[in-house]
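*Asks:*
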Amino acid sequence: MKVVIKRLLAGASTASGTAVVIDVFRAFTLEACALWAGASEILAVDSHDRAFELSRDFPEAILVGETDGIKIDGFHYGNSPAEILGAPISGKTVIHSTSAGTKGLLAASASAQRVFPCSMVCAAATARRILTLDPDIVTLVPMGDSGITPTAEDENCALYLERLLNNEPVDFEPLRQQILQGESARKFLDPLQPWFPAADLPVCLDLNRFDFHLQCEPVENGFLRIIRCCNENRNQI
(Lines of atoms letter the chains of each structure in order from A and count residues from 1; the text may use other names and numbers.)
(Lines give C-alpha, C1' and ligand atoms only; values in the text may rest on other atoms or scores of the structure.)
Protein backbone atom coordinates (compact mmCIF):
# COMPACT_ATOMS: atom_id res chain seq x y z
CA MET A 1 0.00 0.00 0.00
CA LYS A 2 1.40 3.35 -1.07
CA VAL A 3 0.29 6.43 0.89
CA VAL A 4 0.52 9.83 -0.81
CA ILE A 5 -0.60 13.29 0.28
CA LYS A 6 -2.32 15.72 -2.09
CA ARG A 7 -3.40 18.97 -0.54
CA LEU A 8 -6.37 21.29 -0.76
CA LEU A 9 -9.10 21.37 -3.39
CA ALA A 10 -6.60 20.98 -6.21
CA GLY A 11 -5.29 17.82 -4.57
CA ALA A 12 -8.79 16.45 -4.04
CA SER A 13 -9.53 16.78 -7.74
CA THR A 14 -6.56 14.55 -8.62
CA ALA A 15 -6.93 11.99 -5.81
CA SER A 16 -6.59 8.36 -6.85
CA GLY A 17 -7.19 4.95 -5.34
CA THR A 18 -8.73 5.27 -1.89
CA ALA A 19 -9.02 8.95 -0.97
CA VAL A 20 -9.27 10.22 2.60
CA VAL A 21 -10.54 13.80 2.60
CA ILE A 22 -9.62 15.52 5.87
CA ASP A 23 -11.42 18.47 7.46
CA VAL A 24 -10.89 18.70 11.22
CA PHE A 25 -12.20 22.28 11.70
CA ARG A 26 -15.03 21.42 11.27
CA ALA A 27 -16.86 19.60 8.48
CA PHE A 28 -16.05 15.98 9.18
CA THR A 29 -16.00 16.39 12.93
CA LEU A 30 -19.55 17.68 12.55
CA GLU A 31 -20.56 14.78 10.30
CA ALA A 32 -19.29 12.21 12.80
CA CYS A 33 -21.05 14.06 15.63
CA ALA A 34 -24.29 14.28 13.66
CA LEU A 35 -24.31 10.55 12.95
CA TRP A 36 -23.49 9.80 16.59
CA ALA A 37 -26.40 12.06 17.60
CA GLY A 38 -28.74 9.89 15.57
CA ALA A 39 -28.90 11.38 12.08
CA SER A 40 -29.82 8.59 9.66
CA GLU A 41 -27.60 9.85 6.86
CA ILE A 42 -25.73 12.88 5.61
CA LEU A 43 -26.05 14.12 2.05
CA ALA A 44 -22.93 16.12 1.20
CA VAL A 45 -23.12 18.78 -1.51
CA ASP A 46 -20.63 21.29 -2.88
CA SER A 47 -22.72 24.46 -2.66
CA HIS A 48 -25.53 25.93 -0.60
CA ASP A 49 -27.58 26.37 -3.78
CA ARG A 50 -27.39 22.62 -4.35
CA ALA A 51 -28.37 22.07 -0.71
CA PHE A 52 -31.54 24.12 -1.16
CA GLU A 53 -32.34 22.27 -4.39
CA LEU A 54 -31.87 18.91 -2.71
CA SER A 55 -34.04 19.92 0.23
CA ARG A 56 -37.00 20.02 -2.15
CA ASP A 57 -36.53 16.27 -2.66
CA PHE A 58 -36.01 15.74 1.08
CA PRO A 59 -38.48 18.17 2.67
CA GLU A 60 -37.91 16.83 6.20
CA ALA A 61 -34.12 17.13 5.95
CA ILE A 62 -32.02 19.30 8.26
CA LEU A 63 -29.84 21.84 6.44
CA VAL A 64 -26.40 22.23 8.02
CA GLY A 65 -23.36 24.17 6.89
CA GLU A 66 -21.44 27.38 6.45
CA THR A 67 -19.84 29.87 4.12
CA ASP A 68 -16.64 31.41 5.49
CA GLY A 69 -17.48 29.74 8.80
CA ILE A 70 -20.84 31.52 9.14
CA LYS A 71 -24.19 29.70 9.12
CA ILE A 72 -25.92 29.98 5.78
CA ASP A 73 -29.15 31.98 5.79
CA GLY A 74 -32.08 29.58 5.66
CA PHE A 75 -30.12 26.67 7.15
CA HIS A 76 -31.17 25.06 10.43
CA TYR A 77 -27.65 24.88 11.86
CA GLY A 78 -24.18 26.15 11.15
CA ASN A 79 -21.09 23.95 11.15
CA SER A 80 -20.65 23.60 14.93
CA PRO A 81 -19.98 20.02 16.13
CA ALA A 82 -20.69 21.01 19.74
CA GLU A 83 -24.10 22.36 18.77
CA ILE A 84 -25.04 19.38 16.60
CA LEU A 85 -24.26 16.94 19.41
CA GLY A 86 -27.26 18.31 21.29
CA ALA A 87 -29.52 18.94 18.32
CA PRO A 88 -32.81 17.01 17.88
CA ILE A 89 -31.78 15.28 14.66
CA SER A 90 -32.33 11.61 15.50
CA GLY A 91 -33.68 9.75 12.48
CA LYS A 92 -33.25 12.79 10.26
CA THR A 93 -31.45 13.23 6.96
CA VAL A 94 -28.83 16.00 7.14
CA ILE A 95 -27.89 17.97 4.03
CA HIS A 96 -24.39 19.38 4.51
CA SER A 97 -22.57 22.15 2.62
CA THR A 98 -19.22 23.68 3.65
CA SER A 99 -16.43 25.86 2.29
CA ALA A 100 -13.85 23.07 2.15
CA GLY A 101 -14.77 19.58 3.31
CA THR A 102 -17.86 18.79 1.29
CA LYS A 103 -16.36 20.43 -1.80
CA GLY A 104 -13.32 18.19 -1.39
CA LEU A 105 -15.48 15.08 -1.13
CA LEU A 106 -17.30 15.81 -4.36
CA ALA A 107 -14.04 16.66 -6.13
CA ALA A 108 -12.27 13.50 -4.94
CA SER A 109 -15.21 11.28 -5.84
CA ALA A 110 -14.72 12.15 -9.51
CA SER A 111 -11.30 10.47 -9.70
CA ALA A 112 -10.86 8.17 -6.67
CA GLN A 113 -12.23 4.64 -6.45
CA ARG A 114 -13.60 5.24 -2.95
CA VAL A 115 -13.68 8.23 -0.61
CA PHE A 116 -13.65 8.52 3.18
CA PRO A 117 -14.40 11.76 5.05
CA CYS A 118 -12.13 11.95 8.09
CA SER A 119 -11.20 14.04 11.12
CA MET A 120 -9.48 13.47 14.45
CA VAL A 121 -12.59 12.05 16.11
CA CYS A 122 -12.68 9.00 13.81
CA ALA A 123 -9.09 8.80 12.55
CA ALA A 124 -8.10 5.39 13.94
CA ALA A 125 -11.39 3.81 12.88
CA THR A 126 -10.85 5.14 9.36
CA ALA A 127 -7.31 3.79 9.29
CA ARG A 128 -8.52 0.36 10.46
CA ARG A 129 -11.05 0.21 7.65
CA ILE A 130 -8.45 1.14 5.05
CA LEU A 131 -5.98 -1.43 6.38
CA THR A 132 -8.71 -4.05 6.05
CA LEU A 133 -9.34 -3.02 2.44
CA ASP A 134 -5.57 -2.96 1.72
CA PRO A 135 -5.77 -0.77 -1.42
CA ASP A 136 -2.76 -0.22 -3.67
CA ILE A 137 -2.91 3.57 -3.30
CA VAL A 138 -4.24 5.78 -0.51
CA THR A 139 -4.46 9.52 -1.16
CA LEU A 140 -4.67 11.68 1.95
CA VAL A 141 -6.21 15.08 1.20
CA PRO A 142 -5.88 17.71 3.97
CA MET A 143 -8.37 20.35 2.83
CA GLY A 144 -7.08 23.35 4.79
CA ASP A 145 -8.84 26.70 4.97
CA SER A 146 -11.50 26.92 2.25
CA GLY A 147 -9.54 24.36 0.24
CA ILE A 148 -6.93 27.03 -0.52
CA THR A 149 -4.51 27.42 2.41
CA PRO A 150 -2.92 24.57 4.43
CA THR A 151 -3.79 24.40 8.13
CA ALA A 152 -2.05 22.72 11.05
CA GLU A 153 -5.05 20.63 12.08
CA ASP A 154 -5.58 19.02 8.69
CA GLU A 155 -1.87 18.57 7.98
CA ASN A 156 -1.33 16.91 11.36
CA CYS A 157 -4.36 14.69 10.96
CA ALA A 158 -2.91 13.55 7.62
CA LEU A 159 0.43 12.87 9.31
CA TYR A 160 -1.28 10.88 12.07
CA LEU A 161 -3.17 8.79 9.51
CA GLU A 162 -0.08 8.27 7.38
CA ARG A 163 1.78 6.80 10.34
CA LEU A 164 -1.11 4.55 11.31
CA LEU A 165 -1.41 3.25 7.76
CA ASN A 166 2.33 2.59 7.63
CA ASN A 167 2.24 0.87 11.04
CA GLU A 168 4.58 3.49 12.47
CA PRO A 169 4.45 4.76 16.07
CA VAL A 170 2.86 8.17 16.54
CA ASP A 171 2.53 10.44 19.57
CA PHE A 172 -0.47 12.68 19.06
CA GLU A 173 0.26 15.13 21.88
CA PRO A 174 3.00 17.11 20.03
CA LEU A 175 0.68 17.28 17.03
CA ARG A 176 -2.14 18.57 19.24
CA GLN A 177 0.10 21.29 20.66
CA GLN A 178 1.08 22.43 17.16
CA ILE A 179 -2.59 22.69 16.28
CA LEU A 180 -3.43 24.67 19.41
CA GLN A 181 -0.67 27.15 18.59
CA GLY A 182 -1.88 27.59 15.02
CA GLU A 183 -3.98 30.38 13.57
CA SER A 184 -6.97 28.11 12.93
CA ALA A 185 -7.33 27.24 16.62
CA ARG A 186 -7.20 30.86 17.76
CA LYS A 187 -10.42 31.76 15.98
CA PHE A 188 -12.36 29.63 18.49
CA LEU A 189 -11.24 32.02 21.22
CA ASP A 190 -11.97 35.20 19.28
CA PRO A 191 -15.08 37.02 20.60
CA LEU A 192 -15.37 38.79 17.25
CA GLN A 193 -16.00 35.42 15.54
CA PRO A 194 -18.87 33.91 17.56
CA TRP A 195 -19.66 31.52 14.71
CA PHE A 196 -16.55 29.61 15.88
CA PRO A 197 -17.68 28.74 19.44
CA ALA A 198 -15.00 27.80 21.95
CA ALA A 199 -16.86 24.56 22.68
CA ASP A 200 -16.01 23.29 19.20
CA LEU A 201 -12.26 23.19 19.79
CA PRO A 202 -12.10 20.34 22.35
CA VAL A 203 -14.63 18.34 20.35
CA CYS A 204 -12.59 18.66 17.15
CA LEU A 205 -9.39 17.61 18.93
CA ASP A 206 -10.93 14.68 20.84
CA LEU A 207 -8.77 12.05 19.17
CA ASN A 208 -10.64 8.83 18.32
CA ARG A 209 -13.74 9.91 20.21
CA PHE A 210 -15.80 7.59 18.01
CA ASP A 211 -15.16 3.95 17.17
CA PHE A 212 -16.73 4.20 13.73
CA HIS A 213 -15.68 5.56 10.36
CA LEU A 214 -17.67 7.57 7.85
CA GLN A 215 -18.58 5.66 4.72
CA CYS A 216 -19.24 7.64 1.57
CA GLU A 217 -21.58 6.32 -1.12
CA PRO A 218 -21.88 8.05 -4.50
CA VAL A 219 -25.30 9.10 -5.73
CA GLU A 220 -25.94 10.17 -9.31
CA ASN A 221 -27.61 13.50 -8.61
CA GLY A 222 -24.56 15.53 -7.59
CA PHE A 223 -24.32 14.59 -3.94
CA LEU A 224 -22.73 11.91 -1.75
CA ARG A 225 -24.46 9.85 0.93
CA ILE A 226 -22.49 9.41 4.17
CA ILE A 227 -23.30 6.89 6.88
CA ARG A 228 -21.50 5.58 9.97
CA CYS A 229 -19.92 2.13 9.88
CA CYS A 230 -18.16 0.10 12.56
CA ASN A 231 -15.10 -1.98 11.83
CA GLU A 232 -15.12 -5.71 12.40
CA ASN A 233 -11.50 -5.79 13.60
CA ARG A 234 -11.32 -3.13 16.32
CA ASN A 235 -8.02 -4.43 17.70
CA GLN A 236 -6.00 -3.81 14.56
CA ILE A 237 -4.90 -0.33 15.72
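When the sequence shown is numbered by the numbering used here, its final residue is 249 and no position is left out of the sequence of numbers.
The C-beta atom is built at its ideal place from N, Cα and C for all residues, glycine as well.
Under 8 Å, do residue 35 and residue 116 count as touching if we go by C-beta distance?
*Replies:* yes
*Asks:* On a Cα-Cα basis, can you pick out the residue from 79, 31, 46 that is closest to residue 103?
*Replies:* 46
*Asks:* Could you pull out every residue in the same chain whose Cβ sits closer than 8 Å to the Cβ of residue 202, ignoring the five residues on either side in sequence?
*Replies:* 208
*Asks:* Tell whether a beta-carbon distance below 8 Å holds between residue 16 and residue 151.
*Replies:* yes
*Asks:* Between residue 223 and residue 29, how many whole angstroms is the CB-CB distance? I'm expecting something under 8 Å.
*Replies:* Between residue 29 and residue 223 the Cβ distance is about 25 Å, and since that is not below 8 Å, they are no contact.
*Asks:* From residue 180 to residue 135, what does the alpha carbon distance come to, in whole angstroms?
*Replies:* 15 Å
*Asks:* Note down, one range per segment and in chain order, each alpha helix (DSSP H) of at least 4 residues found wholly within the stretch 170-246.
*Replies:* Runs of the alpha helix (DSSP H) inside the stretch 170-246: 184-192, 195-198, 212-216.
*Asks:* Going straight from the alpha carbon of residue 167 to that of residue 127, what length do you get?
*Replies:* 18 Å
*Asks:* Nearest-angstrom Cα distance between residue 221 and residue 170?
*Replies:* 17 Å
*Asks:* Tell me whether the beta-carbon of residue 18 lies closer than 8 Å to the beta-carbon of residue 26.
*Replies:* yes
*Asks:* Only counting the same chain, and skipping five residues up and downstream in sequence, which positions put a Cβ closer than 7 Å to that of residue 50?
*Replies:* 101, 102, 103
*Asks:* Look at the alpha carbon of residue 96 and the alpha carbon of residue 165, and state the distance between them as a whole number of angstroms.
*Replies:* Those two C-alpha atoms are separated by around 21 Å.
*Asks:* To which residues does DSSP link residue 157 through a beta bridge?
*Replies:* DSSP lists 161 as the beta-bridge partner residues of residue 157.
*Asks:* Around the Cβ of residue 129, are there at least 16 other Cβ atoms within 10 angstroms (buried) or fewer (exposed)?
*Replies:* Residue environment for residue 129: buried (at least 16 other C-beta atoms within 10 angstroms of its C-beta).
*Asks:* Among residues of its own chain, excluding the 5 on either side of residue 74, which ones have a beta-carbon nearer than 6 Å to its beta-carbon?
*Replies:* 88, 101, 104, 106
*Asks:* Classify residue 216: buried if its beta carbon has 16 or more other beta carbons within 10 angstroms, exposed otherwise.
*Replies:* buried
*Asks:* Roughly how many angstroms lie between the CA atoms of residue 53 and residue 178, to the nearest whole one?
*Replies:* 31 Å
*Asks:* Please report the straight-line C-alpha distance between residue 67 and residue 81, rounded to a whole angstrom.
*Replies:* 21 Å
*Asks:* Within the same chain, show all residues whose beta-carbon is closer than 8 Å to that of residue 161, passing over the 5 residues directly before and after it, in chain order.
*Replies:* 20
*Asks:* First and last residue of the alpha helix (DSSP H) that includes residue 120?
*Replies:* 113-121 is the extent of the alpha helix (DSSP H) around residue 120.
*Asks:* Does the beta-carbon distance from residue 218 to residue 155 come in below 8 Å?
*Replies:* no
*Asks:* Roughly how many whole angstroms lie between the Cα atoms of residue 212 and residue 37?
*Replies:* 8 Å
*Asks:* Is it true that the CB of residue 93 sits closer than 8 Å to the CB of residue 41?
*Replies:* yes
*Asks:* For a quick check, are the C-beta atoms of residue 77 and residue 108 less than 8 Å apart?
*Replies:* yes
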